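In mature numbering (1 follows the signal peptide of the UniProt record, and there is no 0), the protein residues as written are -23 to -1, 1 to 100.
Worksheet: the structure to be examined is printed underneath.
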């Protein structure tokens, strides 16, 4: 459970907008400047998913159409939740966490399909 709490803390830090303040780079660190050497597989998987998600969200928000920009950003957000849930399903030893991760994955896959359909319709 401690690993799950650590991953949730890392996610909260990333979501807080503190990422630019942490950006340092360097050996053993992610783009956010967090030391990945001492993280377990769940934290590493979650951090990698968040970095991928953040990049895709920012790219999506660059669409000149504000409605499409929002939808593309949200699609990336939902994909990030799916990817983070997969990391938890794969690496968590706590069945409660795995159960919640499966539920979160299913909900976000559904939301992702819906928003992708709306994006295709808007184009």
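Where a beta carbon is used, it is the ideal one built from N, C-alpha and C, also for glycine.
Just so we're clear, the structure is a prediction, and the values are computed from it rather than from any experiment.
Top-ranked residue by Cα proximity to residue 52, from 35, 71, 76, 23: Per the C-alpha coordinates, the member of 35, 71, 76, 23 positioned closest to residue 52 is 35.
Cutoff 6 angstroms; reference residue 88; Cβ partners in own chain excluding five residues on either side: Excluding sequence neighbours, residue 88 sits near 55.
Beta-carbon spacing of residue 79, residue 96 below 8 angstroms: When the beta-carbon positions are compared, residue 79 and residue 96 stay at least 8 angstroms from each other.
C-alpha gap between residue 76 and residue 23, whole angstroms: Approximately 17 angstroms between the Cα atoms of the pair.
Among 63, 49, 60, nearest to residue 91 - alpha-carbon criterion: Ranking the options by Cα distance to residue 91, first place goes to 49.
Cβ-based burial, residue 3 [other Cβ within 10 Å; buried from 16]: Confidence is the limiting factor: at residue 3 the pLDDT is only 43, short of 50, which leaves the residue's position unreliable and the question unanswerable from this model.
CB of residue 59 within 8 angstroms of CB of residue 32, strictly: Not in contact: residue 59 and residue 32 (Cβ atoms no closer than 8 angstroms).
Cα-Cα separation between residue 13 and residue 86, rounded to whole angstroms: Between residue 13 and residue 86, the C-alpha separation is close to 28 angstroms.
Neighbourhood of residue -19 by C-beta distance below 6 angstroms, restricted to the same chain and skipping five residues each side: Model confidence at residue -19 stands at a pLDDT of 49, short of 50, so the residue's coordinates are unreliable and nothing is read from them.
Buried or exposed by the 16-neighbour rule on C-beta atoms within 10 Å, applied to residue 94: So residue 94 counts as exposed.
Identity of the residue in 27, 42, 40 nearest residue 62 by Cα: Out of 27, 42, 40, 27 has the C-alpha closest to the C-alpha of residue 62.
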